[in-house]
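In the numbering used here, the protein residues as written are 1 to 640.
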């Protein structure tokens, strides 16, 4: 019987495993890098072991150090989480070779499916040979052989782009997974990403725990997942189940795993088998009423599963909350997470209030999960929970999630998985092109920013003055002025009430330093106002949160930058500089100049205008902070 578990991972993954272990009375041990010394998963474990270093390559990817740490902590089992070394057969062998119980599939099964190219061959579906690719094979998808999460993935629509995209994909795959091998396969337009959850024991019992749809993806990263996958014909479901069981039988599999497919029309294309628990496993747990981590532990202890799983019920949807800024090209964000609170939903998070989101790992803050009797009910509940969530800190994709869950392409359609409407495109249009079609709809600015700025100004005045509004005058006077981003608030508080420029008919009901009630068009609206000393004011409303940056009365000259300056949009490491780019060279608008590596992704920095590169402060391997000057491009107009 397992008495203590070492989790060879970090963040939300480790926290999730610890939660089940606590419920089962199993002691827990965390491992952490220098960058994670104060992380939530470290605080939640019974014991923690430090591995010197800050990057994954120095710590979480060092199987030898992890095994040594597990032995030093005195545990009897190792859970790999669902990232880093969870699908590394050599690590699994090292764990069992050290006399520890491995909470995962057999190393041979991991090895058989670890490479997507080998997995396809095992399933009788070998990938394309690069040397044989022609125009007729386009479009193509380049994928990392040893990874996932969108890293090392590129779409190629012209053969002339192939070499550059291969180079970029290999570099990103090498940085993310320590393996630069890639392969190509046909890129299926308009397909659905559907996966099957399986669980197998050592006694020959295999559970097929339904389907999940993970089609809503951006940059090949999953955003919203649900179970069961809606709108699949019964014969398609049967085919997916049969292929999943084939993968299990072919590898003598044990434990939890996921078999992934791309479904287009009436055909299912095998993608890969993930020999681990998936990030989106909570939706399956909700539908089947199971704890998959507890079942992993049970299988690892050698217990037999019941002959069949519980019957599924209802529908579950999960949304991934990312730290990324829609105003800055959706670049990953870092900084302090001041507050994270979501009511009416399951919250799986790797951060708590006051934690810092750093640059070394991916930008996922949390997963928000709900279960409903029907798909429509689950979508409504999740959108409502996200809309009213308090997420104060780095910019996030929260508004995109809410709008996605309410978009007709997502909501219109049946609740029953046996309907054929999805195939006929008369129900929910759940395919990987969802955001290509609807991105403008789901990223429109949140309405009500002007009223939020007015509420922020009134609350600020109340906090400074300690009296009603802080700007009341017995005689006419100049208006109070406060600027938040593009919004300039000008108001007076008179005997007749609030007078605010641009807000006719708006009446002030009550105001305190952290809460304002305004009557707008005859309706009372409440605004929660929060300040944390970083210059950003968070105004929570019933329809979402507005993050407003307060302008200082006077501009600090040191904040001014020269025209054409390229500043680092986030902390990171300069991955590489484009060939031929050096001080004094001519560049054209949009030309890639260099790439930053941050949060397990590469981010391209391009010339903003055509002109001359007058300064280049970036060199491969250089660590830069947000706002650091990378380069300066003098425009042709300046040169004239």
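Backbone N, C-alpha and C define an ideal beta-carbon position, used for all residues, glycine too.
Item, Value
"Sequence-distant residues of its chain with Cβ nearer than 7 angstroms to residue 286 (five each side left out)", "316, 369, 371"
"Unbroken beta strand (DSSP E) run spanning residue 183, endpoints", "182–186"
"Residue 712 versus residue 592: straight-line alpha-carbon distance, rounded", "Outside the shown range of the chain (1 to 640) lies residue 712, about which nothing can therefore be said."
"Sequence-distant residues of the same chain with beta carbon closer than 7 angstroms to residue 378, five excluded per side", "315, 316, 317, 370, 371, 372"
"Of the listed residues 577, 626, 601, nearest to residue 613 (C-alpha basis)", "577"
"Residue from 459, 430, 402 with nearest C-alpha to residue 441", "402"
"Start-to-end residues for the beta strand (DSSP E) that takes in residue 161", "Neither: residue 161 is in no beta strand (DSSP E) and is coded neither H nor E."
"Rounded C-alpha distance that separates residue 80 from residue 571", "28 angstroms"
"Residue 1 at chain B interface by Cβ criterion, 8 angstroms", "Among the protein chains of the structure shown there is no chain B, as only one such chain exists."
"Reference residue 122, options 164, 192, 102, 243, closest by Cα", "243"
"Inter-residue Cα distance where the pair is residue 580 and residue 586", "10 angstroms"
"Beta-bridge pairing of residue 142 - partner residues as DSSP gives them", "154, 184"
"Within 8 angstroms, strictly: CB atoms of residue 653 and residue 394", "Given a span of 1 to 640 for the chain in the structure shown, any question on residue 653 remains unanswerable."
"Classification of residue 641 by the beta-carbon crowding that lies within 10 angstroms, buried from 16 upward", "There is no way to answer for residue 641, as the model of the chain reaches only from 1 to 640."
"Inter-residue spacing [alpha-carbon to alpha-carbon] between residue 637 and residue 609", "10 angstroms"
"Euclidean distance between Cα positions of residue 76 and residue 70", "8 angstroms"
"Span of the beta strand (DSSP E), counted from its first residue to its last, around residue 603", "601–606"
"C-beta atoms of residue 573 and residue 627 nearer than 8 angstroms", "no"
"Simplified DSSP state of residue 117, which is helix, strand or coil", "helix"
"Given 8 angstroms, three or more beta-carbon pairs between the segment 150–158 and the segment 83–92", "no"
"Whether residue 668 touches residue 484 by CB criterion (8 angstroms)", "The shown model of the chain, from 1 to 640, leaves out residue 668, and the question about it has no answer."
"Sheet register partners of residue 269 (DSSP bridge)", "262"
"Residues bridged to residue 102 [DSSP beta-bridge criterion]", "78"
"Residues that DSSP places opposite residue 349 in a beta bridge", "366"
"Coil, strand or helix - residue 585 by DSSP", "coil"
"Supposed close pair residue 19, residue 60 - CB separation, criterion 8 angstroms", "That pair is no contact at about 20 angstroms."
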